[in-house]
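Residue numbers (the working numbering), protein chains in the order written: chain F, 3 to 145; chain P, 3 to 145.
Yeah, the Cβ is synthetic: ideal placement off N, Cα and C, and Gly gets one too.
Encoded as C-alpha cells, the structure appears first; notes follow it.
Protein chains: 2
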Amino acid sequence: MESTQDIVKKISDAGLKITPQRVTVLQMLCKLKNHPTADELFAEVSQILPGLSPTTIYNTLDTFVEKGLIKRVKTDADVMRYDAITDHHHHLYCAVSDRMEDYFDPELDRILSDYFNKKQISGFSVSDIRLQLMGDFNENNKN
Amino acid sequence: MESTQDIVKKISDAGLKITPQRVTVLQMLCKLKNHPTADELFAEVSQILPGLSPTTIYNTLDTFVEKGLIKRVKTDADVMRYDAITDHHHHLYCAVSDRMEDYFDPELDRILSDYFNKKQISGFSVSDIRLQLMGDFNENNKN
DNA sequence: AAGTTAGTTTGTAATATTTACAATTTAGAA
DNA sequence: TTCTAAATTGTAAATATTACAAACTAACTT
Ligand SMILES: [Mn+2]
Ligand SMILES: [Mn+2]
Ligand SMILES: [Zn+2]
Ligand SMILES: [Zn+2]
Numbered sequence: 003m004e005s006t007q008d009i010v011k012k013i014s015d016a017g018l019k020i021t022p023q024r025v026t027v028l029q030m031l032c033k034l035k036n037h038p039t040a041d042e043l044f045a046e047v048s049q050i051l052p053g054l055s056p057t058t059i060y061n062t063l064d065t066f067v068e069k070g071l072i073k074r075v076k077t078d079a080d081v082m083r084y085d086a087i088t089d090h091h092h093h094l095y096c097a098v099s100d101r102m103e104d105y106f107d108p109e110l111d112r113i114l115s116d117y118f119n120k121k122q123i124s125g126f127s128v129s130d131i132r133l134q135l136m137g138d139f140n141e142n143n144k145n
Numbered sequence: 003m004e005s006t007q008d009i010v011k012k013i014s015d016a017g018l019k020i021t022p023q024r025v026t027v028l029q030m031l032c033k034l035k036n037h038p039t040a041d042e043l044f045a046e047v048s049q050i051l052p053g054l055s056p057t058t059i060y061n062t063l064d065t066f067v068e069k070g071l072i073k074r075v076k077t078d079a080d081v082m083r084y085d086a087i088t089d090h091h092h093h094l095y096c097a098v099s100d101r102m103e104d105y106f107d108p109e110l111d112r113i114l115s116d117y118f119n120k121k122q123i124s125g126f127s128v129s130d131i132r133l134q135l136m137g138d139f140n141e142n143n144k145n
C-alpha cells in the first residue's frame, strides 16, 4: 500500500535526511496495524537492520512525532504507542487484551463537530475530538 | 465536600482495611482536581503522613483501581494519572500545558449512546465511550 | 481488653522505559 | 570528491514502576 517511494518522500518533505533507519521505522510502523510500542518496533526493525540502537528508535519516533509524520497514542497500560495514521480517526480499545484498532467514522465526526459548534465550552476551545471506544473484540464469536 | 466518613465508608465497602495511608490518599485524590500522578500524590500525602513510602502510593492506587474506587487516566505525556471521579465523564486536555479537566455532558452522552445503539461496529461491542477534547484553556482571555 | 492473624506498609533492590551525552558515522550539499 | 550539519551509536543516567521480604497494624476472635 505505502511504497518505499512514498515513505522516502514523506521523510524528505519533512526536511529530514533519508536514512535506512528512518525509512525502515516508518515503513514498519505503516505495516504494523497494532499501534506498536518503541520496544516492539525495535525488535521488528532490528531484524532488518541488525546493530540498530534502541536510542535511534526513540530519537526517530520523537522526530517523526515532532514533524507530524506519526502520532503518539496511549492506552490504559503504561507504555507509549505509535500510530502511522495521522488522519483524524478514533480508536477501539479492549482493556483486557490491550488491543487497539483504528475506527474511522465521518458521519460521527459530523455529528460531533456540529454539536460542539453549537455548544461552546466556557474557558476552553476545542481543536480536536478523540473518541476511545472501550469494549471487547468479539474474539469468541468466531464460528 | 467528601467527608472523611464517606472516604472511610468507600474503602470499607470495597472490603479493604482502613489505614491512615489509604484514607489520606483517597482524600487527597478527591481534593486535587488536576488528575495527579503517583509522584504528585506522594509529595502531598507525605506532608500529612511523613515517612510514607512511595511503594505504598503505588500499591494503594493499584488496589483502589482494582476495586473501582478510582480510575486511571492518560494524557499524551508519559506518566499515569489518577482520577477520583468514577462516574462516567470526559476530559478536556491541552497538550501544551498538559492540563486536564473533567467534562460532564449528559446531552452528549445521550447522542453518542443513541448513535452507537443504531450503528453496530462489526467485531466489537462498545461498553464505554470516552471523549478526549483536545484544545486550549483560554488562559489568556482573563480580563 | 488482650491475642491472633491476614492484610498492609515499608525499605531496598530490581526492572522497565526513556533520556542525556559524547564519539563516530553518514547523507547530501557544494 | 570534499565538507559539514545531521544522524546514529553505545554507554550511562534518569525516571517510573514493580518485586519481595521483614516489620507492623487493623480488626476479628476470644
Ligand atoms: Mn516512563
Ligand atoms: Mn514505566
Ligand atoms: Zn490509530
Ligand atoms: Zn476526570
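Closest Cα partner of residue i within the set the options
i	options	result
F/V25	F/Q7, F/G70 and F/E42	F/Q7
F/F126	P/D85, P/S127, P/D130 and P/L135	P/L135
F/K121	P/L110, P/Q122, P/S48 and P/K120	P/L110
P/E141	F/S124, F/D138 and F/R132	F/S124
P/L133	P/E4, P/A16 and P/E103	P/E103
F/C96	P/S55, P/S129, P/K19 and P/L54	P/S129
P/T65	P/G137, P/E4, P/F118 and P/L18	P/L18
P/N36	P/V98, P/A86 and P/L71	P/A86
Beta-bridge pairing of residue i - partner residues as DSSP gives them
i	result
F/F126	F/I123 and P/F139
F/V75	F/R83
F/M30	Partner(s): none; F/M30 has no beta bridge.
F/L114	According to DSSP, which records beta bridges pairwise, F/L114 is partnered with nothing at all.
P/H92	P/Y105
F/Q134	F/H93 and P/R132
Residue-level contact to chain P via CB, residue i, 8 Å cutoff
i	result
F/D60	In the sequence on display, residue 60 of chain F carries Tyr and not Asp. So, not an interface residue.
F/N145	Low per-residue confidence applies at F/N145: pLDDT is 40, beneath 50, and the placement is therefore not dependable enough to give any value.
F/L133	yes
F/D41	no
F/K69	no
F/I123	yes
F/D89	no
F/F106	no
F/K33	no
F/K12	no
F/K19	no
F/L94	yes
F/S129	yes
Check whether residue i and residue j have beta carbons under 8 Å apart
i	j	result
F/Q29	F/L51	no
F/T39	F/M82	yes
P/Y105	P/H90	no
P/K69	P/A16	yes
F/L54	F/F44	yes
CB contact check: residue i to chain F, cutoff 8 Å
i	result
P/Y117	yes
P/V98	no
P/N36	no
P/L110	yes
P/M102	no
P/D85	no
P/F126	yes
P/K120	no
P/S5	no
P/I72	no
P/F139	yes
P/D80	yes
Three CB pairs or more closer than 8 Å across the region 9–19 of chain P and the region 112–127 of chain F: no
Cβ pair count under 8 Å reaching 3, the region 73–93 of chain P against the region 52–62 of chain P: no
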